[in-house]
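Please read the structure below before turning to the comments.
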Amino acid sequence: IKKIAVMTSGGDAPGMNAAIRSVVRACAYYRVNCIGIYRGYEGLIEGDFIELTARSVNNIINKGGTILKSARSEGFRTKEGRAQAYEHLKENEIEAMVVIGGDGSFTGAVIFNEEYNFPVIGIPGTIDNDIFGTSHTLGYDTALNTAVEAIDKIRDTASSHNRLFFVEVMGRDAGFIALNAGVGAGAEEILIPEEDLGLDRMLESLKKSRRTGKSSSIVVVAEGDRSGKNVYELAKYVEENLPEYDVRVSVLGHMQRGGSPSCFDRVLASRLGVKSVELILDGKTNLMVGLKNNEVISTSIAEAIKGGHSINQELLRVSDIMTT
Ligand code: ATP
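Under my numbering, the residues of the sequence shown are numbered 9 to 332, in order.
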């Protein structure tokens, strides 16, 4: 193999730049040319490429976002779009591709590989941590730290005014950020998509806190929680049922996707980038690199897509005990 391409696709996540850097530097180390594809599959369809050398990726290990930009591409969902993409790869003599993204990006990669037998390796990059085959996705640790830092600040104002805050964190289908940031920031209740704990339970718990002398509280809510109410409706519901509480809402939003990656994410990105290039040079394809018990491993991309995720029950129990 003489030329490998790398792209970032789907939602951006801190650590993507560190992964690009790692892929590029590993290519340079093994004397393979490296091409960056701008804007994910959209740039692939348009042939929007740039040659990357070891020096092109100076000073990006600490940067949030992605220098290659990211996009969602409707065109790549069509046969014609993928045909155009393949033409550009052939024209440029690119022989394999590293896709940094989430499960949607991996689905696209698998379909492309089936159609054109084109070697692809995936690096899981999403703040949601909802990918089977790795204990951590790129960006998750940074997003968690950002959420905890923000909730800490909300706690200061909550306790000064004896208020109850509902804080919404990212996670439409996965409660990893909510559960871990919730435990890390000492939340009273944590509402996640995986478990329906029931609104009565939350009311009971908040009532009990008041009785036992807590004057302020934080409830962390994942975007996709199962209560059937959004964060504003939840706040209203509690206000109506527990008039003794002064309730406020804070939605953390896109700040959770940004910022300088944590050391953990930088190290993870560096390890996964090197592994992805080494797998390609070993003639492997359709694999996703990941972390398990702090070892770098690989899983078939198909398995990673359909594997699903499960929530840590022990952590839920710890969270319960902490609200005593
Ligand atoms: P995140 O988890 O952060 O949302 P993602 O990689 O899952 O990241 P998606 O928007 O789901 O993000 O997917 C990224 C891109 O992958 C899509 O815009 C599309 O171009 C491509 N893709 C997804 N599913 C398919 C598919 N079934 N066929 C072809 N391409 C697809």
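Glycine included, each C-beta is placed from N, C-alpha and C at the ideal position.
Buried or exposed: which applies to residue i, given that a residue is buried once 16 or more other Cβ atoms fall within 10 Å of its Cβ?
i, result
"Glu176", "buried"
"His169", "exposed"
"Ala91", "exposed"
"Glu196", "buried"
"Ala98", "Rather than Ala, the amino acid found at residue 98 in this sequence is Lys. So Lys98 counts as exposed."
"Arg325", "exposed"
"Lys87", "exposed"
What number of angstroms, rounded off, separates the C-alpha of residue i from the C-alpha of residue j?
i, j, result
"Glu202", "Ala36", "43 Å"
"Arg47", "Arg279", "23 Å"
"Gly261", "Arg80", "19 Å"
"Thr332", "Gly89", "56 Å"
"Thr142", "Glu241", "35 Å"
"Gly192", "Arg274", "21 Å"
"Asn301", "Arg265", "25 Å"
"Val246", "Gly298", "41 Å"
"Ile305", "Leu76", "26 Å"
"Ser167", "Gly194", "13 Å"
"Asn25", "Ser217", "44 Å"
"Ser223", "Ser17", "45 Å"
"Arg171", "Thr220", "16 Å"
Can you list, in chain order, the residues of its chain whose CB lies under 6 Å from that of residue i, leaving out five sequence neighbours each side?
i, result
"Arg180", "Glu231, Gly232"
"Asp149", "Ser270, Phe272, Asp273"
Which residue from the options puts its Cα closest to that of residue i?
i, options, result
"Thr154", "His169, Met296, Met178, Gly141", "Met178"
"Ser268", "Gly73, Val285, Gly19", "Gly73"
"Phe174", "Ile75, Glu286, Lys237, Glu99", "Lys237"
"Glu95", "Glu311, Tyr124, Met210, Ser78", "Tyr124"
"Ser327", "Val227, Asn121, Leu76", "Val227"
"Pro127", "Ile12, Asp164, Asn320", "Ile12"
If you reduce the DSSP assignment to three classes, tell me which class residue i lands in.
i, result
"Met15", "strand"
"Gly44", "strand"
"Glu252", "coil"
"Arg85", "helix"
"Lys216", "helix"
"Gly23", "coil"
"Phe174", "strand"
"Gly133", "strand"
"Ala104", "strand"
"Lys300", "strand"
"Phe57", "strand"
Counting only the same chain and skipping the five closest in sequence on each side, list residues whose C-beta sits under 8 Å from that of residue i.
i, result
"Lys10", "Val40, Asn41, Glu101, Glu103"
Identify, in the order they occur along the chain, each residue of the same chain with its Cβ nearer than 7 Å to the Cβ of residue i, setting aside the five sequence neighbours on each side.
i, result
"His337", "No answer is possible for residue 337: the residues shown for the chain start at 9 and end at 332."
"Ala182", "Asp136, Asn137, Asp138, Pro201, His317"
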